Amino acid sequence: MPDIFVAANHQRQKKDLKKAPSKNPGRRETALAVIKKLDKNLVGIGNRLSTFVTFPDGLAFETQQKEEPIVLLLRPHWLTNVNWLFLALLMILAPLFLTLVPLLAYLPSNFQLIFIVLWYLFSFSFIFEKFLGWFFDIYLITDERVVDVDFYSLTFKQIADAGLQKIQDITYRTRGVLGSIFDYGDILIQTAGEQPNIEFKAVPRPAAVVKILNELITQEEQEMLEGRAR
67 MPDIFVAANH
77 QRQKKDLKKA
87 PSKNPGRRET
97 ALAVIKKLDK
107 NLVGIGNRLS
117 TFVTFPDGLA
127 FETQQKEEPI
137 VLLLRPHWLT
147 NVNWLFLALL
157 MILAPLFLTL
167 VPLLAYLPSN
177 FQLIFIVLWY
187 LFSFSFIFEK
197 FLGWFFDIYL
207 ITDERVVDVD
217 FYSLTFKQIA
227 DAGLQKIQDI
237 TYRTRGVLGS
247 IFDYGDILIQ
257 TAGEQPNIEF
267 KAVPRPAAVV
277 KILNELITQE
287 EQEMLEGRAR
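Heads up: the sequence shown begins at 67 in this note's numbering, then just goes up one per residue.
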């Protein structure tokens, strides 16, 4: 499994956001200006476990090109983990009620111990798989494209991307009361041609993400027009 969080030396970004390498410095500055306008505290926030990271330092993905900095790294909001975390808690506490199960209560203590060990191995495998699914299920916005990494298991993942020039429409929707309170929702990115549409599911600050992406697309269009005029 590729490590998307270890950048090659020639791809590693500098800590100074304004001096980070980019083939399109205009887009880089545009994204930085938009983020500062939305909330200057957003610049450079986040760590490896965050759901919303601006200009992540020292990170890379498989198909990343040289001098293609990542503007945003997104994950599903942490609230999407509540269901399986609650189930995991029940699974961890379940052996405490072993004596309430008549069949197991009459088993020899050695068999009960084996059952408990196997149960905890199964429980922690479940927790580990769910955590990996959330941790590696990420969405990236660079100064050239959007990337959707769907992580299904250690042996299977699906990656879809679309260049900024291929994006035709962007819409977002919040998820019920919790989505409105905690500010997270889905973003649907419609693309041109045969490229599949890309959906960012349950990401934090969807309005801010759409604003940043729209500004990058506008900057891309302006650069294309200037190039044709030369």
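Cβ coordinates follow ideal geometry from the N, Cα and C atoms, glycine included. Quick caveat, the model's predicted, so the values are computed rather than measured.
Look at Arg143 and Phe248 and say whether their C-beta atoms are less than 8 angstroms apart.
Before going further, note that residue 143 is His rather than Arg in the sequence given. Contact flag set, yes.
For Phe217, which beta-bridge partners are listed by DSSP?
Lys223
Starting from the C-beta of Ser246, find all residues in its chain whose C-beta is less than 6 angstroms away, skip the five residues before and the five after it, and write them out in chain order.
Thr240
Using the rule of at least 16 other Cβ atoms within 10 Å of the residue's Cβ for burial, across every protein chain shown, is Pro122 buried or exposed?
buried
Exposed unless 16 or more other CB atoms sit within 10 angstroms - verdict on Leu139
buried
Put Asp254 into one of helix, strand or coil per three-state DSSP.
Checking the sequence shown, residue 254 turns out to be Leu, not Asp. Here Leu254 sits in strand by DSSP.
Fully enclosed by the segment 122 to 203, which alpha helix (DSSP H) runs are 4 residues long or longer?
148 to 159, 168 to 171 and 175 to 202
Looking at the unbroken alpha helix (DSSP H) that takes in Ser246, where does it start and where does it end?
Gly242 to Phe248
Just tell me which of Glu95, Phe202, Gln234 and Leu173 has its CA closest to the CA of Leu117.
According to the sequence displayed, residue 117 carries Thr and not Leu. Cα-wise, what sits closest to Thr117 is Phe202.
Hey, how far is the Cα of Glu260 from the Cα of Arg211?
16 angstroms
On the DSSP bridge assignment, give the partners of Ala228 in chain order.
Val212
Whole-angstrom Cβ separation of Pro270 and Tyr238, contact assumed at under 8 angstroms?
Going by Cβ atoms, the distance from Pro270 to Tyr238 rounds to 12 angstroms, so no, they are not a contact pair.
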